[in-house]
Ligand code: KG4
Ligand code: ZN
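In structure tokens form, the structure reads like this:
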């Protein structure tokens, strides 16, 4: 791979349109040099899917089709830029729901064909990683994370621990053996009768709960960098069943707080161990679950590592992060042809 330091390129300003439709957010953004956000438009489908208790794939694809044109148009308008003033169109190619990814990729292809602007396919997990390089939407500068670093990407679909050696150079250390962290939040919320999406409702319920009320298992998986949350989920289910068999009221707030504490403990412990082992002083935590207050606190309330966590709006799915990853891919020389297809199960490394 060529040296992709920005100082080695003649082009001082690279503006990229990002498009993201991997799950239930239709998003478009314009970002300059991988960090300055000119616009960041997100049309969320959360309310539409809440009635099903999770993302309904066909409904998601149709909703993407309905709004994508307006979302892209709005992102250009808010950035005060014409399509022809952009350098590339970066779009999520995977992982994600095939029917949702197809909508964003086809939109990006059509724009690329019409404007002759290069197309760059982006891995959604790489997008979450690069959210740590973005300045805030109101222009506050963010310190660039130095290498090597350890990154924990925790979302509804992924829980991955990565060693990042340099831009675009990764080693995957581990990941979940069963449920992703966000998926565990969503499933436990459902069994506690809390609303979808589960992460924010568990966080809310746990504010009035005692995290020490139940001592749920933390699967340590010694000797590996993997996580597992299915045992924890089963333990919550068993506890709920035992309490209801007794005819007692379900202590939802204590269960939520104790579950949340167990997830955060498992994620933080392993990430700190990895940072220590690989001599990384800096840690990135990103993805939807990194919006969790207790998780953020577990990472930021220690002084051994510097932790980079994006602001809440950049933790959950957005297109600014896709445009940010697109910038580094653009500098590396990546250009994709109009024949590229979606990759619903695309691993980062
Ligand atoms: O990154 P994201 O928007 O989409 C995927 O790529 O999956 O992450 C969505 C996930 C959902 O499982 C949601 O429950 C979780 O992030 N989430 C949270 C919080 N906010 C969103 N989990 C825990 N605490 C939160 N505050
Ligand atoms: Zn995501």
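In the numbering used here, the protein residues as written are 15 to 363.
Glycine residues also receive a C-beta, built at the ideal position from the N, C-alpha and C atoms.
Whose beta carbon lies closer than 5 Å to any heavy atom of the ligand ZN, going through the chain in order? 169 and 331
How would you call residue 25, buried or exposed, if buried means at least 16 neighbouring beta carbons within 10 angstroms? exposed
Under 8 Å, Cβ to Cβ, is there at least one residue of chain B near residue 310? Judged by its chain identifiers, the structure shown contains no chain B, having just a single protein chain.
Close beta carbons around residue 209, own chain, < 8 Å, minus the five adjacent residues each side: 64, 203 and 215
State buried or exposed for residue 316, treating a residue as buried only when at least 16 other CB atoms are found within 10 Å of its CB. exposed
Does residue 154 pass the burial test, meaning 16 or more other C-beta atoms within 10 Å, or should it be called exposed? exposed
Is residue 47 near the ligand KG4, going by C-beta to nearest heavy atom under 7 Å? no
Relative to the C-alpha of residue 31, which residue among 98, 18 and 37 is closest? 98
Of the residues 199, 101 and 360, the one placed nearest residue 304, counting alpha carbons only: 199
What does the alpha-carbon distance come out to for the pair residue 103 and residue 288? 35 Å
Quick check on residue 248: does DSSP put it in helix, strand or coil? helix
Less than 8 Å between the C-beta atoms of residue 345 and residue 108, yes or no? no
Buried or exposed for residue 34, please, with buried defined as at least 16 other CB atoms from any protein chain shown within 10 angstroms of its CB. buried
Would you identify the three-state DSSP class for residue 140, choosing helix, strand or coil? helix
By Cβ distance, which residues of its chain are closer than 6 Å to residue 147, with the 5 residues on each side in sequence left out? 48, 49 and 338
According to DSSP, residue 178 sits in a beta bridge with which residue or residues? 163 and 184
So the candidates are 327, 234, 294 and 362; which of them puts its Cα closest to the Cα of residue 159? 294
What separation, rounded to the nearest whole angstrom, lies between the Cα atoms of residue 351 and residue 117? 17 Å
When the Cβ atoms of the segment 261-273 are set against those of the segment 177-188, are three or more pairs found closer than 8 Å? no
For residue 128, does the count of other Cβ atoms within 10 angstroms reach 16, so buried, or fall short, so exposed? exposed
So what does DSSP say about residue 34, is it helix, strand or coil? strand
Rounding to the nearest angstrom, what Cα-Cα distance links residue 322 and residue 257 in this structure? 40 Å
Residue 19 - containing beta strand (DSSP E), residue span: Looking at the DSSP string, residue 19 is not in any beta strand (DSSP E), and its letter there is neither H nor E.
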